[in-house]
Amino acid sequence: VADKSEIKKMIYYSKKNLNYLSISMQYLYAFYFYFINEKFINKKKVEKIFFNWSDKKKEKRYGFIKKHDYKVEQIYDIFYHVYSIILILTKIRNFKKICKITKFQNTSLLQIEAKKKTFIEIKCSRNDTARKRIIEILFKNKSRLTINFSNDEKVICNIDKKIIKIPSYLLSKTLKYQLYFFLKQKKLNNKDELNNIKNLNNFFKYANLIKKNL
């Protein structure tokens, strides 16, 4: 993520030249998250959110070994994904506190205190036994929602261990469609362009705070 001065320059020239400059947050086009929010989260009080975001070492995907830039800490590298998903599922844009990042063995742990008294924990690793993209949401009434999107082509979701059926048209080759809609996005009113650089001041602020805490 660019520093404050670079971000200000990009926003200035984007407005001046009427350019559309967006950040690659393809999960903003993961339509199953919007469905889950509308049907099972909207208006409920979220107490805790747990992210488990792990990759296998030398994982082979689509016939190629997945490469990582080990100069960039993973917790920092995945934050733009996590932030966009939190925004869709809970509408939370503001955090009260970015807590210190804890590292143990090959795993990093970040804890965040968000507004609305919501606690967020992000655990990630680049040396796990399997690829994991799992979110657990605990509500104030102690109900628990689990979303497993570890597989690019399907999503497994349940609430209190009861399977939730997500319409197939929202799931078909999920990553492919996220990238398609991101690349084909139309210019909308700025309020709706969630990944437009003009609307990402909070994201940049928190990403830079995480970078400082590494």
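Per the numbering used here, the very first residue in the sequence shown carries number -13; after that it's consecutive.
We put the CB at the ideal spot given by N, CA and C, even for glycine.
Every value quoted in this text rests on a predicted model; they were computed, and no experiment measured them.
- Per the DSSP secondary-structure output, D114 pairs in a beta bridge with K42.
- Just measuring C-alpha positions, the residue of I196, K198, N187 sitting nearest E(-8) is N187.
- Where Q60 is concerned, the enclosing alpha helix (DSSP H) starts and stops at 60 to 63.
- Cβ neighbours of T115 within its own chain (closer than 8 Å, five residues either side excluded): K42.
- Assignment of alpha helix (DSSP H) within the segment -11 to 44, counting only whole runs of 4 or more residues, yields -10 to 2, 17 to 22 in chain order.
- Using a Cβ distance threshold of 9 Å, K109 and N199 do not count as a contacting pair.
- Nearest Cα to K34 within the set T76, K2, K53: T76.
- L96 is a Cβ neighbour of T88, given a cutoff of 9 Å.
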